[in-house]
Each structure stands twice: as structure tokens, then as C-alpha cells.
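The numbering of the sequence shown is the working numbering, which starts it at 4 and goes up by one. Even for Gly, the Cβ is constructed at its ideal location relative to N, Cα and C. Being a predicted model, the structure only gives us computed values, none of them experimental.
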Amino acid sequence: MTTFPSKAAPKVGIVSLGCPKALVDSERILTRLRAEGYEISPSYDGADVVLVNTCGFLDSAKKESLDAIGEAIKENGRVIVTGCMGVESDMIRQVHPDVLAVTGPHQYEQVVSAVHEAVPPQHDPFVDLVPPEGLRLTPRHYAYLKISEGCNNRCSFCIIPSLRGDLVSRPVVSVLREAEKLATAGVKELLVISQDTSAYGVDRKYAEETWYGRQVRARFIDLCRELANFDVWVRLHYVYPYPHVDEVIPLMAEGRILPYLDIPFQHASPTVLKAMRRPAAQEKQLDRIRKWRQDCPHLVLRSTFITGFPGETEEDFQFMLDWLKEAQLDRVGCFKYEPVDGATANALPGAVPEEVKQERWERFMETQKAISAERLQQKVGWTLGVLIDEVDEEGAIGRSYADAPEIDGNVFLNGETNLKPGDLVDVTIEHADEYDLWGSVERDL
Ligand code: SF4
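Here it is as C-alpha cells:
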């Protein structure tokens, strides 16, 4: 029998900061490195080199990224920086001159070559094997599915298009193939992400491809219809309310994809929206929300808003609060406007003082808290499918169709210590507070 001399495989540690899109980038880099025989180290001291995938969206995120780089240098010493903040290579090197390399967002080739340079790969046919769905940083039962990169919009508070460029959609068959592999590997929930999900395929002129003998366009509705065939939860994030979004509501009403839409409205006042240069006309949004709910009564809407945008008056803010009360959104996040370096909105007149931003933010959150509590209260007595995320000695914690991981609420199942992450159970909702639900598992007697 032939034996192979065994040499320890080189190990890479990773610190992944920022949004789900950055997480998907980290997964791609790791998948590639794992395919080349690298091992992934869970700690700084076991790693031959540490990758820090940074976020540069807000100044607070930049600070967090710089701190993470500093910590990795202190704990390990051999650090490669990648991700959104990588475009500010000079600044990173000024603060941390010891970093080995700095690469920008989506520069997969460059990150991988930087790793090769720092720790050369070792060919070993036994460790080159990677599970077909790639390596993921999310728990096994849910996965982010990134359908495009970049954005054609130019919202005045955002620097993503200058960091990541214009919209580049993945070919539809490549997205579907990845979704199929994930579903086959046991993933129960696919979270569709991009910067602008409903614009999917515009850049490819909705190019058609063949998938299992069917002609499928690289188009939002075609993609949703096909994803609905995988028999897993499909959750749509970052959907702008372009008119064609209406087409997806029947799929939700039929229960083929989750009746959940994450639409970043950001504001409601037409003046502020105009200054923000937001895509999709928003004046008729309340009518559309009403119609969507008529057609799909259990539809859950999540959104984010910004308070204190330059030029926002008390009337604009009050308009947004009134809109919020009318819209009755289920899940809402709110940020105080932050003048991100490079955003054109910084040049707008009428900067809102910090204390006014804070005061408006508090009023906004109070208003939404009451709406959220009331909407969750309506669910008491319902039976909902709940996907289990975590189990500890007190019981199980899961989510219903109404809750995306990390950003929305939870369903707590006290005493259910025998469930496992990834189990899908029917739960009768017994209690609700402002953000979460409690219930018990329905069992056949
Ligand atoms: S839609 Fe606007 S906020 Fe979203 S990534 Fe594009 S430019 Fe930025």
C-alpha cells in the first residue's frame, strides 16, 4: 500500500465584517481557498495568515474594520485586508503599515494570490475536496444567494456604486444551479440578496437561458418562479418597489415563496426622497401596499428608514411618521443620517443637528414599536411554520416566515430541548411582545 507523507495544510483565519453581501464574498474566498487545500482556522493563533473582510459603508463601520485589522495584527501578525474598505488602501496602510496586502471588494483573484504569496498552497488530493455547495459561514439550514453585484442607482447618501460599480447580474442558470446545490445539500431557506434585487437582469437585457428544458429569462419574476420549485423557503431582500414587483405577489399568496418583502423605503416625504435620489416613484406606495395585502393578506413587509437627512424639516419627518402609521409595516429599522465620506448628500444644505436627529429617531422608534407590538399581537392563536436556528438548555429559538435571520425577531419555544437547528415545526403562537413571539409545538396526539 502506498502511503503519502502528510504535511500540515496551510491554515487561513477569517474575520468577516459588514453586510450579508460581504459575508457571501467571504464564503466565495474560503470556498476557493479550501478547494486549493487550505484549512480554515477558527482562531488567530492556529492561522498562518488572517484575512479581514472589511466594511466601509459608514464611518462607524470603517472604525470597526480598522480595529479588527489592528486586533488581527496584534494576535497573529500576518494579515491580508479585503472588502469594501480595501479601496482606501492608503488609509489602511497609514494606520496599519504591517498589513501584508490590501485588496478591494470582489477582487477574489487578488485576495487568493495574496494568500498564495503569504502562505503557498500545498497540493493534496485528499484535502482538495470541497462539498459541492461550497463552504458557507451561515448555519447549514439557511444560505444567502447573491444574484448580482453593484447598482445602477445613485442614491445621494450611498457610496456603494462608487465602491462596487454598476449592476452586474449573474447569469440566471448560474444562480439556479447554486440554489439547486444548496437545496440538495439540505439548506431549508434561501435569502436572495443583491443591492437592488428587483433590477436583476437589466444589465443582461434579461438574457434567456435553458434550464431543465425551459426558457428562463434573467428577470426578477422568472427567477422567483424557478426558485419556488426548490421546495425551500425563499426570502427576498432589497427589493425596490418598481411596478413589476407586483407580479411576485401571486407567488407569495400561493405560498410558493415566502410572503415577505424587504423594501428599503428610507423615507416617505417626496421632498426628502427627491433629495435622496431614490429609485422607483414612491407617491403611490400606500395604495400598492394596500393592494398587495388585499391579494396576499399575510404579507410581511420589512423596511429601513433614515432620519435627519440634510434638509429634512419637522414637516417632512411628521409626514414620514404619518406614513408609517398608515403603512403598518411589520419590521422596521431606522438609522440616523451619517455623512459618509464621498456621498453627494454631504454637500446638500440644511444639515440636521445631532440632537434633532436623535430626538426624531426616538420618536420614530416609539411609533414603530407600537405598530410592531400590535401586528405581532394579531398573530397570537395562529399556527406558523417555524425553522429552528438554535437549541439550548432552555428550549429552541426559531423564526417564522415573517422573520429574516439576524435582522428580525424570533419565535421562542421554551422547553423544546429535543429539536435541532434546521428542524421545521408547526407552532401555535401563544404570546407576543414588541419584537418576538412565544409558542408551543403542535404535535399529533
Ligand atoms: S439603491 Fe441606492 S442605496 Fe441601494 S446600493 Fe444602490 S445607490 Fe446605494
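Exercise for the section: Pick out the complete beta strand (DSSP E) segments inside the segment 190-227, 3 residues or longer, and give them in chain order. Expected result: 192-196, 211-214, 217-220
Exercise for the section: Report whether the distance from the Cβ of Pro-282 to the nearest heavy atom of ligand 1 is below 7 Å. Expected result: yes
Handout entry: C-beta atoms of Arg-96 and Val-82 nearer than 8 Å
Key = no
Exercise for the section: Could you please give the first and the last residue of the uninterrupted beta strand (DSSP E) stretch that includes Pro-433? Expected result: Per the sequence presented here, residue 433 reads as Glu, with Pro not at that position. Its beta strand (DSSP E) spans residues 427-435.
Exercise for the section: Counting only the same chain and skipping the five closest in sequence on each side, list residues whose C-beta sits under 7 Å from that of Ala-330. Expected result: A distance below 7 Å between beta-carbons, with the five flanking residues on each side excluded, links Ala-330 to the following residues of its chain, in chain order: Leu-289, Ile-292.
Exercise for the section: With DSSP collapsed to three states, give me the class of Trp-364. Expected result: Collapsing the DSSP output to three states places Trp-364 in a helix.
Exercise for the section: Give the single residue among Asp-249, Ala-50, Pro-23 whose Cα lies nearest to the Cα of Ala-407. Expected result: Pro-23
Exercise for the section: Could you tell me if the beta carbon of Pro-164 falls within a distance shorter than 7 Å of some heavy atom in ligand 1? Expected result: yes
Exercise for the section: In the DSSP assignment, find the unbroken alpha helix (DSSP H) run with Ala-1 in it and report its ends. Expected result: There is simply no residue 1 to check, as the chain begins at 4 and stops at 448 in what is shown.
Problem - Under 8 Å between C-beta atoms of Ser-201 and Tyr-263 - result: No, these two residues do not count as a Cβ contact at 8 Å.
Exercise for the section: Return the chain-ordered list of same chain residues with a C-beta closer than 7 Å to the C-beta of Ser-29, the five sequence neighbours on each side being excluded. Expected result: Ile-17, Ser-19, Asn-56, Leu-140
Practice task
Using 7 Å as the cut-off, classify the Cβ of Gln-288 as near or not near the heavy atoms of ligand 1, replying yes or no.
Solution key: No, the Cβ of Gln-288 stays beyond 7 Å of every heavy atom of ligand 1.
Problem - Under 8 Å between C-beta atoms of Leu-390 and Lys-191 - result: yes
Handout entry: Between the CA atoms of Glu-212 and Gln-110 - distance to the nearest angstrom
Key = Distance between the alpha carbons of Gln-110 and Glu-212: 27 Å.
Handout entry: Straight-line Cα distance separating Glu-357 from Lys-66
Key = Going by the C-alpha atoms only, they are around 19 Å apart.
Handout entry: Buried versus exposed, by CB contacts within 10 Å (16 or more), Gln-269
Key = buried
Handout entry: contact_flag[the segment 171-178, the segment 112-119] where n(CB pairs < 8 Å) is 3 or more
Key = no
Practice task
Report yes if the C-beta distance between Lys-328 and Thr-370 is below 8 Å; otherwise report no.
Solution key: yes
Problem - Reference Thr-316; option with closest CA among Lys-287, Thr-420, Val-355 - result: Val-355
Handout entry: Tyr-438 versus Ser-403: straight-line alpha-carbon distance, rounded
Key = 13 Å
Exercise for the section: Could you tell me whether any non-hydrogen atom of ligand 1 is closer than 7 Å to the CB of Ala-331? Expected result: The amino acid at residue 331 is misidentified as Ala; the sequence shows Gln. Checking every heavy atom of ligand 1 against the Cβ of Gln-331, none is found closer than 7 Å.
Problem - Proximal residues to Ile-309 (C-beta, below 6 Å), its chain only, five neighbours per side dropped - result: Excluding five sequence positions before and after Ile-309, the CB atoms of its chain that fall closer than 6 Å to its own CB belong to Gln-269, Phe-338, Tyr-340, given in chain order.
Practice task
Could you tell me if the beta carbon of Asn-156 falls within a distance shorter than 7 Å of some heavy atom in ligand 1?
Solution key: yes
Practice task
Could you spell out where the alpha helix (DSSP H) holding Ile-95 opens and where it closes?
Solution key: In the DSSP assignment, Ile-95 falls within the unbroken alpha helix (DSSP H) covering 92-98.
Problem - Within 8 Å, strictly: CB atoms of Val-90 and Gly-59 - result: yes
Exercise for the section: Identify whether Gly-73 lies in helix, strand or coil by the three-state DSSP scheme. Expected result: helix
Practice task
Give a single yes or no on whether Asp-199 has its beta carbon closer than 7 Å to a heavy atom of ligand 1.
Solution key: yes
Exercise for the section: Out of Val-175, Asp-333, Cys-161, state which residue places its alpha-carbon closest to the alpha-carbon of Met-279. Expected result: Cys-161
Practice task
Under 6 Å Cβ to Cβ from Gly-21, same chain only, skipping five residues before and after it: list those, please.
Solution key: Taken in chain order, the residues that qualify are Cys-58.
Exercise for the section: Name, in chain order, the residues that DSSP records as bridge partners for Tyr-263. Expected result: Val-303
Practice task
Compare the Cα-Cα distances from Arg-366 to each of Leu-427, Phe-320, Gln-198 and report the closest residue.
Solution key: Phe-320
Problem - Proximity winner among Gly-189, Pro-313, Arg-228, relative to Leu-179 (alpha-carbon distances) - result: Arg-228
Practice task
To the nearest angstrom, report how far apart Asp-395 and Ile-43 are at their CA atoms.
Solution key: 26 Å
Problem - Closest Cα partner of Trp-441 within the set Gly-204, Ala-256, Gly-412 - result: Gly-412
Handout entry: beta-carbon Cys-58 near ligand 1 non-hydrogen atom, thresh 7 Å
Key = no
Problem - Lys-277: first and last residue of the uninterrupted alpha helix (DSSP H) it sits in - result: It spans 273-279 - the alpha helix (DSSP H) in which Lys-277 sits, taken as one unbroken run.
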